[in-house]
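Trainee:
Chains as they are written, first to last, in our numbering: chain A, 1089 to 1523; chain B, 1089 to 1523.
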């Protein structure tokens, strides 16, 4: 689609050249030649996006996306931003998309903001309807403690971490080979690690490890496990415990995070007929870190900060891929109703009605023809994906009603004019969904 | 506020320096020195925006704005974009903010899309509530015709146009002096122009000029006046004719526009006590032009295109200035309700309730403390501008109710838990408004 944008830019530039030549009163042959080039470019561009009624250009950067892509992007952003706002977020603009907890020392009791971050992740991924997902959770302190009791030298913590983190992609045998063969870990140390990092489960695994004779002796691991137990209590209250998996192999961003870490992954869903298999993988991640702000606490306490980031570009492609596979038509406008007429000489009535609808907050259009054919008006709705048609006819005007037609079912009912706004709102209200 | 952003960036950089020194295990004196610098910078930053709970960073460009400015910008954009969408616009991203009509030849009957553009302008300016406004309308063909019958040489059309366009800022005498003294127009020609361009009014002025013995003989002017008459008919149907002024001195963008032109200006409103006088001037403009697309019409017909642009930066400053003058607090979050507790040991109940509210789409927060004091919770609402508090107490739990408190009026009522979501929605639903 970036090609399309480039082509559109070429058409625009060529158009400017033609206009320039005309202003300079160039020879008609020269102008004709340039117009021919323009027509050729325009032909390459194709007719499919030529029916736009209005194009709203928003100041978001250089133009890279087609209206279809923009519609997908906007819907995804709406889901994410409305979720963040539901949780009290402020909006500022930066080149990255990230959510931070950022406050004064001592104000937070353990695991409450962490639980909210996981709730936010689950709300967003559920709302996006991009398939089943799971959020893996671990804790940096548990990892550190586990490496210590297994006998990993301090200097090898980081490199062993990065091996462990590969367990979601490769087998334990391969990870072990890397640890022993490439990184020089003793085989029995690797096996010991293997006993832990191949485990995953819910709060029962946390409780089991709290009873683990070795791990429970490590102060750091014990702290981490205690916090995870509390976290699971809160996640149960938030109704999302079944979406969370305590996974001892999760070992991400350890240069940065100091406590709980988490990563949301999409699960492979059964492939529908005609649908390409979707890639699985991480779509959101976050964790707890001791932020800079800790230094300003008068008592020198550490300040919990939680960070959350959403892989928006990845989500865009998943949604686009899914819509393409389903051959789903993406609406590029949000128009709820077309104001149409069944006979000639009803332009004034159409203008009056469409204006009433706009004033009532309804998204409405009309064709810019004085006497459009009803068939053309209905066809326009089919093409633009407009779900409803409000049809004015002479009889309807006499009766004080409007014929409301559903484009999909072709059903028509007479609605009293004073009830029309409510009826359109009732029929077009739907939960925010991108697919 | 850009200074604040710079200061925040300094704090961030200095924080990184401190962190770097710690990692390098620098001497404690050196670290202390750098921490002192950091604390000094932080003190300059002040505490006023330090209480943010969440900060959502959106990928809109480099960070330039404070949360307060972003909140204002977002609200203004919401008004504009929701209006454009109400009129069937598609959204694409470009560095400019502009609305185009862009379609195939012959599909539009005269003045219908033009009238819709004016309706859009009026809807946006009314919704923004930035004071009374007027939309000046003229037509390029009327201007051209008028210059012709007054005896302005073709070669002087453009320069005389730019003199005429100054009439909204300077007196006719000054404009005439410029035309005669600087631009070499004969005084009687200038006087003749003056008779026309000092007129403005509604449809009656259009009708009067249609009877003007000279102007009505000019083909171009006659076409323009005929179209304006039709336009006013449609504007009356749209209920906005009283906002539109036919103004013969409006002469903007004539290199570009070919037919109707328009410009919205804010009117000077009486200054409220404590309010700085607001500047007046153009906040939106547009017109009709023969687009590039005309060349693709198989019959070679000209294709009407209408363009509309909104002076968003100017509107931002007007809204900000107004809010500052009114000492209005700008909310930077949209939280509708704080879930609070009246006694200790109610964290679980708070988490359950806040989760219920999030799942029902309510924007809700809670303090991240296990046992926060009720007074602190109420103070937080005052500071953050949260309008409602849902208070859980032991008695309320027994009775199956929640105490709902209005922060402004301090009134409290018991609401049955199953009715709480509806009651919060009812109390916090309000029309989109930025002031």
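Each residue gets a CB set at the ideal place from its N, CA and C atoms; glycine is no exception.
Does DSSP put residue 1350(B) in a helix, a strand or coil?
Mentor: Strand.
Trainee: Just the Cα atoms here: how many angstroms apart are residue 1495(A) and residue 1470(A)?
Mentor: Straight-line Cα distance between these residues: approximately 7 Å.
Trainee: Does residue 1516(B) have its Cβ less than 8 Å from a Cβ in chain A?
Mentor: False, the Cβ-Cβ gap to chain A never drops below 8 Å.
Trainee: Just checking: is the beta-carbon of residue 1215(B) within a distance shorter than 8 Å of some beta-carbon in chain A?
Mentor: For residue 1215(B), the answer is no, since every Cβ of chain A falls outside 8 Å of its Cβ.
Trainee: Apart from the five residues just before and just after residue 1287(A), which ones in its own chain have a Cβ nearer than 7 Å to its Cβ?
Mentor: Correct list, in chain order: 1293, 1336.
Trainee: Measuring only the C-alpha atoms, how far is residue 1474(A) from residue 1254(B)?
Mentor: For residue 1474(A) and residue 1254(B), the distance between alpha carbons rounds to 45 Å.
Trainee: What does residue 1200(B) touch in chain A if you count any residue whose Cβ is under 9 Å from its own?
Mentor: Ordered by position in chain A, the residues that pass the 9 Å Cβ test against residue 1200(B) are 1435, 1439, 1454, 1455, 1456, 1457, 1458.
Trainee: By how many angstroms is the C-alpha of residue 1251(B) removed from the C-alpha of residue 1257(B)?
Mentor: Approximately 11 Å between the Cα atoms of the pair.
Trainee: Contact criterion: CB-CB distance below 8 Å. Does residue 1260(A) meet it with respect to chain B?
Mentor: With 8 Å as the cut-off, residue 1260(A) does not count as an interface residue toward chain B.
Trainee: In angstroms with no decimal places, state the Cα-to-Cα distance between residue 1465(B) and residue 1232(A).
Mentor: Straight-line Cα distance between these residues: approximately 37 Å.
Trainee: For a minimum of 4 consecutive residues, which ranges assigned as the alpha helix (DSSP H) are wholly contained in the stretch 1235-1291 of chain A?
Mentor: Segments of the alpha helix (DSSP H) lying fully in the stretch 1235-1291 of chain A: 1245-1252, 1260-1265, 1275-1285.
Trainee: Cutting at 7 Å between CB atoms, please list the residues of its own chain near residue 1454(B), excluding the five before and the five after it.
Mentor: Excluding positions up to five away in sequence, the list reads 1426, 1427, 1438, 1442.
Trainee: For residue 1445(B) and residue 1451(B), I'd like the C-alpha separation in whole angstroms.
Mentor: Roughly 7 Å between the two C-alpha positions.
Trainee: Given this structure, state the Cα-to-Cα distance separating residue 1311(A) from residue 1509(B), to the nearest angstrom.
Mentor: If I take the Cα positions, the gap works out to 38 Å.
Trainee: Spell out whether any CB of chain B is found under 8 Å from the CB atom of residue 1346(A).
Mentor: It does not: the Cβ of residue 1346(A) has no partner Cβ on chain B nearer than 8 Å.
Trainee: Tell me which residues share the same chain as residue 1222(B) and place their Cβ nearer than 8 Å to its Cβ, disregarding the 5 neighbours each side in the sequence.
Mentor: So the list reads 1331, 1332, 1333, 1352, 1353, 1355, once near-sequence residues are dropped.
Trainee: State buried or exposed for residue 1274(A), treating a residue as buried only when at least 16 other CB atoms are found within 10 Å of its CB.
Mentor: Classification of residue 1274(A): exposed, given that the 10 Å Cβ count is below 16.
Trainee: Can you check whether the CB of residue 1247(A) is closer than 8 Å to the CB of residue 1224(A)?
Mentor: Their beta carbons are not under 8 Å apart, which means residue 1224(A) does not touch residue 1247(A) by this criterion.
Trainee: Please compile the residues from chain A whose C-beta is within a distance smaller than 8 Å of the C-beta of residue 1399(B).
Mentor: Those within 8 Å of residue 1399(B) in chain A number zero; the least Cβ separation is about 12 Å.
Trainee: Do residue 1375(B) and residue 1329(B) have their C-beta atoms within less than 8 Å of each other?
Mentor: Not a contact, by the Cβ cut-off of 8 Å.
Trainee: Starting from the N-terminal side, write out each stretch of the beta strand (DSSP E) that is 3 residues or longer and does not extend beyond the stretch 1417-1450 of chain B.
Mentor: The stretch 1417-1450 of chain B contains these whole beta strand (DSSP E) runs: 1425-1429.
Trainee: Using 8 Å as the limit for Cβ to Cβ distance, is residue 1470(A) near chain B?
Mentor: It does not: the Cβ of residue 1470(A) has no partner Cβ on chain B nearer than 8 Å.
Trainee: Please list, in chain order, all residues of the same chain as residue 1318(B) whose beta carbon is under 7 Å from its beta carbon, the five residues on each side excluded.
Mentor: These residues qualify, in order along the chain: 1198, 1199.
Trainee: Under a three-way DSSP split, which group does residue 1457(B) fall into?
Mentor: In this structure, residue 1457(B) counts as coil in the three-state DSSP scheme.
Trainee: For residue 1430(A), I'd like the list of residues in its chain whose CB is within less than 6 Å of its CB, leaving aside the five on either flank, ordered along the chain.
Mentor: Around residue 1430(A): 1462, 1479, 1481.
Trainee: Relative to the C-alpha of residue 1210(A), which candidate in 1281(A), 1295(A), 1397(A), 1189(A) has its C-alpha closest?
Mentor: Of the listed residues, the one whose Cα sits closest to residue 1210(A) is 1397(A).
Trainee: Given a cut-off of 8 Å, decide if residue 1324(B) and residue 1424(B) are closer than it, judged by their beta-carbon atoms.
Mentor: No, the Cβ-Cβ distance between residue 1424(B) and residue 1324(B) is not below 8 Å.
Trainee: Can you check whether the C-beta of residue 1421(A) is within less than 8 Å of a C-beta belonging to chain B?
Mentor: Interface residue, yes.
Trainee: Below 7 Å CB to CB, which residues in the same chain sit around residue 1504(A) once its five sequence neighbours on both sides are set aside?
Mentor: Closer than 7 Å at the Cβ level, and outside the excluded window around residue 1504(A), lie 1488, 1489.
Trainee: Interface residues of chain B around residue 1174(A) at Cβ under 8 Å?
Mentor: Within 8 Å Cβ-Cβ: 1446, 1449, 1450, 1451, 1452.
Trainee: Just checking: is the beta-carbon of residue 1466(A) within a distance shorter than 8 Å of some beta-carbon in chain B?
Mentor: No, its Cβ sits nowhere closer than 8 Å to a Cβ of chain B.
Trainee: On the DSSP letters alone, give me the boundaries of the alpha helix (DSSP H) that residue 1464(B) sits inside.
Mentor: From DSSP, the alpha helix (DSSP H) with residue 1464(B) extends over 1462-1472.
Trainee: Have a look at residue 1399(B) and residue 1212(B) and give me their C-alpha separation to the nearest angstrom.
Mentor: Approximately 12 Å between the Cα atoms of the pair.
Trainee: Taking only the alpha-carbon atoms, compute the straight-line gap between residue 1280(B) and residue 1236(B) and give it to the nearest angstrom.
Mentor: So the two alpha carbons sit approximately 11 Å from each other.
Trainee: Would you tell me roughly how many angstroms separate the C-alpha atoms of residue 1301(B) and residue 1157(B), rounded to the nearest one?
Mentor: Those two C-alpha atoms are separated by around 55 Å.
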